[in-house]
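Notes for the one structure printed next.
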Amino acid sequence: MTQTAYRAQLLTFRDAPALSDDNAVYETDGLFLVEDGRVVAAGAYAALRAAIAPAAIARDLRDKLIVPGFIDSHIHYPQTEMIASPAPGLLPWLNTYTFPTERKFEDPVYARETAGFFIDELLACGTTTALVYCTVHKQSADAFFSESESRNLRMIAGKVLMDRNCPEYLRDTAQSGYDDSAELIARWHGRGCQEYALTPRFAPTSTEAQLEACAVLARQHQNVYIQSHVAENTDEIKWV
Ligand SMILES: [Zn+2]
Numbered sequence: 299m300t301q302t303a304y305r306a307q308l309l310t311f312r313d314a315p316a317l318s319d320d321n322a323v324y325e326t327d328g329l330f331l332v333e334d335g336r337v338v339a340a341g342a343y344a345a346l347r348a349a350i351a352p353a354a355i356a357r358d359l360r361d362k363l364i365v366p367g368f369i370d371s372h373i374h375y376p377q378t379e380m381i382a383s384p385a386p387g388l389l390p391w392l393n394t395y396t397f398p399t400e401r402k403f404e405d406p407v408y409a410r411e412t413a414g415f416f417i418d419e420l421l422a423c424g425t426t427t428a429l430v431y432c433t434v435h436k437q438s439a440d441a442f443f444s445e446s447e448s449r450n451l452r453m454i455a456g457k458v459l460m461d462r463n464c465p466e467y468l469r470d471t472a473q474s475g476y477d478d479s480a481e482l483i484a485r486w487h488g489r490g491c492q493e494y495a496l497t498p499r500f501a502p503t504s505t506e507a508q509l510e511a512c513a514v515l516a517r518q519h520q521n522v523y524i525q526s527h528v529a530e531n532t533d534e535i536k537w538v
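Going by my numbering, the sequence shown wraps up at 538, each residue one higher than the last.
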């Protein structure tokens with residue numbers, strides 16, 4: 299057993315912080331104990347110091363604040379390389395930058411490299427869990443989950459469902475989207491810390507048949523997540 303003891307300021311939450319200020323727990327002089335990669339105790343240093351094993355590695359970080367990992371509730375890993383591309387609105391942005399970039403994720407090697415880079419960037423910012431869009435390609439989801447699993451992270455992700463109003467090269471069909479999603483749920487949902495999210499991109503890019511097929515999957519797998527987009531601007535609302 300390897301134990302590491304961190305003496306630092308600690309901030310954690312008993313429940314959703316928006317519900318009550320009392321849900322935030324702050325220790326000005328805290329102790330955070332990790333054994334073999336798992337947190338075994340956290341609280342006031344005075345109360346916990348007896349729990350420090352004699353052979354523990356002690357780290358004094360009293361001028362630092364330790365917080366739980368951040369959770370990002372909406373992000374697209376395939377867009378890593380085109381962040382901040384300029385466009386007058388969502389629809390031209392998708393057509394000019396996003397869709398051509400997403401095409402590259404046909405290639406599982408490229409997908410794997412980007413997924414690894416993306417996850418390492420998240421970690422560098424303190425984000426340890428995210429709800430993530432992949433591309434329409436099932437190999438993009440396999441690549442993402444493989445990189446997440448290799449770092450033992452909890453991630454929630456899904457292959458995009460998209461069968462109209464997008465380039466031919468990025469289209470699935472109601473049936474193939476259903477089959478690929480079912481296959482990915484079977485392979486990844488609940489494997490270690492990985493979880494699946496059904497991912498119809500937004501109303502304009504899924505036919506009613508595709509949304510019906512997605513609903514069938516949602517009923518069959520009641521503990522998978524669903525992620526999508528609502529209309530983002532007036533041009534899009536008009537179109538929808
Ligand atoms: Zn989005």
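Every residue, glycine too, gets a C-beta built ideally from N, C-alpha and C.
All of these numbers come straight from a predicted model, not from anything done at the bench.
Look at Tyr431: its beta carbon is less than 7 Å from one of the heavy atoms in ligand 1. DSSP places Gln520 outside both helix and strand once states are collapsed to three, so it counts as coil.
Beyond the five residues adjoining it in sequence on each side, Val458 comes within less than 7 Å, by CB distance, of Tyr431, Cys432, Thr433, Val434, Thr497, Arg499 in the same chain, given in chain order. Counting along the chain, the unbroken alpha helix (DSSP H) around Leu388 starts and ends at 388-391.
Looking from the CA of Gln307, the closest CA among Arg469, Phe330, Cys464, Asn321 belongs to Phe330. For Ile535, DSSP records no beta bridge to any residue.
Relative to Ser444, the option among Gly424, Cys491, Glu419, Thr425 whose CA is nearest is Cys491. Counting C-beta atoms within 10 angstroms of its own C-beta, Ile483 has 16 or more neighbours from the protein chains shown and is therefore classed as buried. The beta carbon of Leu515 sits closer than 8 Å to the beta carbons of Tyr476, Ser479, Ala480, Ile483, Leu496, Val522 from its chain, once the five residues preceding and following it are set aside; these are given in chain order. Here Asp327 is exposed. Its C-beta has fewer than 16 other C-beta atoms within 10 Å.
His487 has its CB no nearer than 7 Å to any heavy atom of ligand 1. Membership of Gln525 in any beta strand (DSSP E) is not indicated, and neither H nor E is assigned to it by DSSP. Contact between the stretch 402-411 and the stretch 357-372 is absent, with fewer than three C-beta pairs closer than 8 Å. Under the DSSP assignment, Gly341 falls in the beta strand (DSSP E) whose first and last residues are 336-342. Exclusion of the five residues before and after Pro465 leaves Phe397 as the residues of its chain whose Cβ lies within less than 7 Å of its Cβ. Inter-residue distance for Ala348 and Arg360 is about 18 Å (C-alpha atoms, whole angstroms). Classified as exposed, Ser383 has fewer than 16 neighbouring CB atoms from the shown chains inside 10 Å of its CB.
Classified as exposed, Ile535 has fewer than 16 neighbouring CB atoms from the shown chains inside 10 Å of its CB. If the five residues before and after His372 are omitted, its C-beta is found closer than 7 Å to the C-beta atoms of Leu429, all from its own chain and listed in chain order. Distance from the CA atom of Asp440 to the CA atom of Ala413, rounded to whole angstroms, is 10 Å.
Of Arg312, Asn321, Thr300, Ala353, the smallest CA-CA separation from Asp334 is found for Thr300.
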